[in-house]
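J.: Protein chains in written order, with full-length UniProt numbering: chain A, 1 to 305; chain B, 1 to 423.
The structure under discussion is supplied below as C-alpha cells; questions concerning it will follow.
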Amino acid sequence: MSTAYTKEKKVGEGTYAVVYLGKQIATGRDIAIKEIKTGTFKDGLDMSAIREMKYLQELKHQNIIELVDVFADKEKNLNLILEFLPSDLEMIINDKKLMIVPADIKSWMLMTLRGLHHCHRNGILHRDLKPNNLLISPEGCVKIADFGLARSLGMPNEKLTSNVVTRWYRGPELLFGAQHYSPAVDIWAVGIIFAELMLRTPYLPGKDDADQLVVTFQALGTPTEENWPGVSHLPNYNNLTVYPEPSRQELRNRFPAATESALDLMCGMLALNPNNRLNTEACLLHGYFTESPEPTEPEHLPKKS
Amino acid sequence: MSLSPDASGDFVGVIQLSKPYLSKEEITHLFKNSLMDDSLARAYKVKKREVFQFLCKLIKVLQFPTKILQGCFYYYQRFYMFNSFAKYGNAHYDVGITALFISLKQNDYIKKLSLVISEAYKLRGIAATPQEQDEHRKRLLSMEKKFMELEAFDFRYFLIEELLIKYAKYFRVPREVCFLSWSMLNDLYATELPLQWPSNFNAIVVLRTSLLVWNELNLERKVERLLNEREVAVHARKDEVNNAVNEFLEYYLDSYETSFMRDALEQLKLRTDSKHIINDVILNIKIGLHQDDRPNGSQTPRNLDEDLFFKLRDYDVGKTGSVRFLYSKKKYLDEVSQYASEKERYSQQKAAAPRQAPTQPAWKNYRAPPPAHGVPNNHSPRPHPNSSYQSNNRAAPRKTFKKNYQPSYNPNRKHKPERPFDK
C-alpha cells in the first residue's frame, strides 16, 4: 500500500478488481481504491483494466470519474485511486422514500449528457451506460464511471462486438447483432435511463436477449426497411412480429409527468434507426433543457437517505 | 523517476513519471547503457531486424492489420532501452511476442496468448509440447508485467495511421502518393522516430518523405503540394522535420531491400532497383535536406546519470515500498521537489542529533515558517488540506479566478461608490 493513502474497508469485488474505501493522507480526502488482480488471469492484465486506465488517463471532466493516482504495491498489484463517489443513480431510483421532481431529472440528464458529450467528442464510446454506472458525488454531481467496456471509435471498416451494454439498455442495432455501430448506442442507453427516471422502474426489462427484442419493439415499434433502410440485412433480423410505433397519446399515457419537449427529447434519443437518433450536442441544445423548470442545482438534488 | 519517503521517513518507494517520448540524446544515452559495447550494439541491430521481420510475418498469419506494428515495434525498442541487452539479448523473440501481445490489447484485438504462441512456433518451425507452450506463456506473462511497469501503465496511445489518413485527405495528396506514404509508414515504425515524436509529427514526416521520394522518381509527374504542418496543428520547427525525414531516409540505406517501400514502388510500377533508389533518390533527397537545413541551436548537455529513469531498470526497486506512476510532469516535479527538501532536512536533523532516534520522521513535524510579507509561501512540506489535489498549492485555475474576481470599477453600475473626499 502506498504511504500516501490508507485502505479502510472492502466495498465490492468484481471479476478483475477489488474495491476498497480509503483516504488520501495529505489532504484527508475520501478515495476509492480499485486493486486490480494482475496475476490471476490466463492472458495477463485484463482487457477491462487496460480500457479503464486508458480512457480515464485521457478523459478529464467534471461529469466523469477522476483517476487520482496509479501505483503498484509491494505485491505488484496495480491500484487505481479514484475519487470517492458514495451513491449512484440506481440507488436514487430504487429509494422509494425519495421524491423526485422533473427539475431533478433534468439536472441528472444534463450532467450525464455533458459527461457523455466529452467522451464522444474525444472519439470514445462508453458502451455500458446504466443507472448503476452513473455515480453521484457528495455534492450531488453525476459522474460517468466504469470504462471497462469502453473503446475508441476506430476505423470505419473495423468490426466491433455487438455483445456490449447491459441488456435492458441495449440499442436495437446491438440487439440485431450489428458489427458497425456508432456513439448512438450510448444515446439509446441514456434515453432508456431518462425513461426509467420518469417511471422509477426499468423501462424495457427483457428476461433474455430474445425477450429484449420483443419488449423493445412492443414499446417502440418494430423497425422496418421504411423507417430504417438496411435493417433487414442485420444478422439477427428475422422472424420478427411487427408491432406498430406508439402514438403520441400512448406515450403521454405511459409518461404522464413528462412535458411535450421531454417526450420529444426521449423520442429523439430512442429513434430506432441509429442514423436518426440525436447526438449529444443536439440533446444538450434541446428545448427541454431551456424550458421551465430550471434544472435543480446539484447540491439540492435528492440524496440517498 | 525518484525515490519517495514511506511512513518511517525512509526513501524506499519510487515515483515514476511516464515518458512516452524521449529526445535523441536521451535515447542514445539509454542505448549506451543497455548495449554497453559495439559488438552488443551490432548484435542488437541484427536481432532487431530478424524479430521485426518475424513479427511482420506473424501479423500476416494471424490476420491482424499492420497498424498493430506501431505498438509492437515501439514496445520492443523501449524494452531494450531500459534493460540490459547482455541479460535479455537471447530472449529477443520473447520480447517481440510480448510486445505484439501488448500491442494487440492496446488496439482492442482480443486474442489468446496461447494462440499467438502456437502460431509463432509454427512460423519458426519449432515443435513444442503443450506443456512447453504453457511454460512459455507463463514466461511471457511475467515479461508483460515488466513491460507494463516500464511504461508506467500508460495506455494513452494515438495511431499514426489514422492521422496520416486525415492529413492526406486534408492536403488532398494524390492517391498514389497516399499509397506510398501508407506503405512507408510501416517502415517508420521500425525506426527510432516513434520513440522520439508524437503521432501527429510522425504522420507529417511520412507524408513529406513519400512526397519527396515520389517527386524524385517522377520528374515529369511531380506533385507540387505544399504541406503546411501548422494548418494541422503540428507546431514543429523546419529543422526538426528535416532531421526526422533525414533519419527516416537513413533507414532505407540499410534496409531498402526488405522494406515496405520497395513493395509499394513495385506495385506502383516505378523503378525499384536498390542501386538507383539509394544512390540517386535517397542520397539526392538527403543532400537537398542538408542545403535547406538550419544549424541546430547549441544545447547545454544534461547529466542524465543523476536521474534514476535513465539507469537500467531494477525491478526490485519498489519491492519494499510502492511504485507510483504519474502522467503529468508538473505534478511530478512538484512532488519530487518536496521530497528533495524533506530528504535534505531529514538528513540535516539526523546529523545534528545522531543518538536520538526519531519516533516520527522529522519532515512530518516540520512546519513552514510564516512567509515574509509579499513573499509566496511555497515551502509547505505537504499540500494544504483544503487545496485541490491537482493544483498542488499553485495559483488557482483561471475559472476560479474569474469566479472570485471582483472588479473595483464597473462602468455599468448605477451608483457611484462614495469616496471619502466627496463628503
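All residues carry an ideal CB built from backbone N, CA and C; glycine is no exception.
As the structure is a computational prediction, the values presented were derived from the model and not from experiment.
Can you give me the start and stop residues for the alpha helix (DSSP H) that Ala-99/B sits inside?
T.: 92-106 is the span of the alpha helix (DSSP H), which, as asked, contains Ala-99/B.
J.: For a contact defined as C-beta to C-beta under 8 Å, what are the partners of Ile-110/B on chain A?
T.: Within chain A, the residues near Ile-110/B are Met-47.
J.: Could you check what DSSP says for Gly-13/B in three-state terms: helix, strand or coil?
T.: Gly-13/B falls in the strand class under three-state DSSP.
J.: Indicate the three-state DSSP secondary structure (helix, strand or coil) for Leu-259/B in the structure shown.
T.: The identity of residue 259/B in the sequence shown is Ser, whereas the question assumes Leu. In the structure shown, Ser-259/B sits in coil (DSSP, three-state: anything other than H, G, I, E or B).
J.: From Pro-256/A to Gly-268/A, what distance separates their C-alpha atoms?
T.: Whole-angstrom Cα-Cα distance: 18 Å.
J.: Would you list the residues sitting across from Thr-15/A in a DSSP beta bridge?
T.: Answer is none; Thr-15/A lacks a bridge partner.
J.: For Lys-32/B, tell me which candidate among Lys-331/B, Lys-311/B and Tyr-332/B has the shortest Cα-Cα distance.
T.: It is Lys-311/B.
J.: In the UniProt domain "Cyclin N-terminal" (21-149) of chain B, which residues sit with their C-beta less than 7 Å from some C-beta in chain A, listed in chain order?
T.: Result list: Lys-105, Asp-108, Ile-110, Lys-112, Leu-113, Leu-141, Glu-144, Lys-145, Met-148 and Glu-149.
J.: Could you compute how far the alpha carbon of Ala-271/A sits from the alpha carbon of Tyr-189/B?
T.: Those two C-alpha atoms are separated by around 43 Å.
J.: Do Ile-193/A and Lys-143/A come within 8 Å of each other at the CB atom, strictly closer than that value?
T.: Their beta carbons are not under 8 Å apart, which means Lys-143/A does not touch Ile-193/A by this criterion.
J.: Suppose the cutoff is 6 Å on Cβ atoms and the five residues either side in sequence are ignored; what does the same chain contact list for Gly-287/A look like?
T.: Excluding positions up to five away in sequence, the list reads Ser-261.
J.: DSSP three-state call for Thr-296/A: helix, strand or coil?
T.: Coil, per DSSP.
J.: Using a Cβ-Cβ cut-off of 8 Å (strictly less than) and excluding sequence neighbours within five positions of Glu-119/B, which residues of its own chain qualify?
T.: Around Glu-119/B: Leu-58, Val-61 and Leu-62.
J.: Evaluate contact between the segment 132-143 of chain B and the segment 95-110 of chain B, counting only Cβ atoms and requiring at least three cross-stretch pairs below 8 Å.
T.: At 8 Å Cβ cutoff, the stretches touch.
J.: Distance check for Pro-274/A and Glu-192/B, CA to CA, integer angstroms please.
T.: Spanning the two alpha carbons is a distance of roughly 43 Å.
J.: Taking the CB atoms as reference points, tell me whether Leu-71/A and Val-323/B lie closer together than 8 Å.
T.: One point to set straight first is that residue 71/A is Phe, not Leu, in the sequence displayed. The answer is yes: Cβ separation under 8 Å.
J.: So residue 426/B and Leu-164/B are supposed to be a Cβ contact under 8 Å. How far apart are they, rounded?
T.: No statement about residue 426/B is possible, as the shown extent of chain B runs from 1 to 423 and does not include it.
J.: Taking 8 Å as the threshold, find out whether the segment 80-89 of chain A comes into contact with the segment 123-137 of chain A through three or more Cβ pairs.
T.: Yes, the segment 80-89 of chain A is in contact with the segment 123-137 of chain A.
J.: Using a beta-carbon distance below 8 Å, is Ile-50/A in contact with chain B?
T.: Yes, its Cβ sits closer than 8 Å to a Cβ of chain B.
J.: I think Leu-103/A touches Thr-296/A, with their Cβ atoms under 8 Å apart; what is that distance to the nearest whole Å?
T.: The displayed chain sequence assigns Ala, not Leu, to residue 103/A. The Cβ separation is near 5 Å, so the contact holds.
J.: Any beta carbon of chain A sitting closer than 8 Å to that of Ser-337/B?
T.: No, its Cβ sits nowhere closer than 8 Å to a Cβ of chain A.
J.: Measure the C-alpha to C-alpha separation of Leu-22/B and Glu-247/B and round it to an integer number of angstroms.
T.: So the two alpha carbons sit approximately 15 Å from each other.
J.: Give the straight-line distance between the Cα atoms of Ala-246/A and Arg-252/A, rounded to the nearest whole angstrom.
T.: Here residue 246/A is Pro; the residue named in the question, Ala, does not match the sequence. Each residue's alpha carbon lies about 10 Å from the other.
J.: Pull up the distance between the alpha-carbon of Met-111/A and that of Cys-141/A, whole angstroms please.
T.: So the two alpha carbons sit approximately 7 Å from each other.
J.: Does residue 334/A come within less than 8 Å of chain B when only Cβ atoms are used?
T.: The structure shown does not extend to residue 334/A, since chain A is modelled only from 1 through 305, so no value can be given for it.
J.: With 16 as the cutoff for other CB atoms within 10 Å, does Gly-151/B come out buried or exposed?
T.: The sequence as given places Glu at residue 151/B; Gly does not occur at that position. So Glu-151/B ends up on the buried side.
J.: How many whole angstroms separate the CB atoms of Tyr-121/B and Ile-102/B, which I take to be in contact at a CB cut-off of 8 Å?
T.: Actually they do not touch by this definition, with Cβ atoms about 20 Å apart.
J.: With H, G and I counted as helix, E and B as strand and the rest as coil, what does DSSP make of Gly-288/B?
T.: Helix at Gly-288/B.
J.: Can you list the alpha helix (DSSP H) stretches of 4 or more residues lying completely in the segment 100-179 of chain B, in chain order?
T.: With a minimum length of 4 residues, the continuous alpha helix (DSSP H) runs that stay inside the segment 100-179 of chain B are 113-124, 130-150 and 160-170.
J.: For the segment 50-67 of chain A, which residues have a beta carbon sitting closer than 7 Å to at least one beta carbon of chain B?
T.: Answer set for the segment 50-67 of chain A: Ile-50, Met-53, Lys-54, Gln-57 and Glu-58.
J.: For Asp-154/B and chain A, any beta-carbon pair shorter than 8 Å?
T.: Chain A contact via Cβ: present.
J.: What first and last residue would you give for the beta strand (DSSP E) that runs through Val-142/A?
T.: 142-144 is the span of the beta strand (DSSP E), which, as asked, contains Val-142/A.
J.: Is there at least one Cβ from chain B nearer than 8 Å to Phe-84/A's Cβ?
T.: So no, Phe-84/A is outside the interface.
J.: Is Ser-328/B helix, strand or coil by DSSP?
T.: In this structure, Ser-328/B counts as coil in the three-state DSSP scheme.
J.: For the alpha helix (DSSP H) containing Asp-69/A, name the first residue and the last one.
T.: Element bounds for Asp-69/A: not the alpha helix (DSSP H) but the beta strand (DSSP E), 67-72.
J.: Three or more C-beta pairs under 8 Å: does that hold for the segment 190-205 of chain A against the segment 228-245 of chain A?
T.: No contact exists between the segment 190-205 of chain A and the segment 228-245 of chain A.
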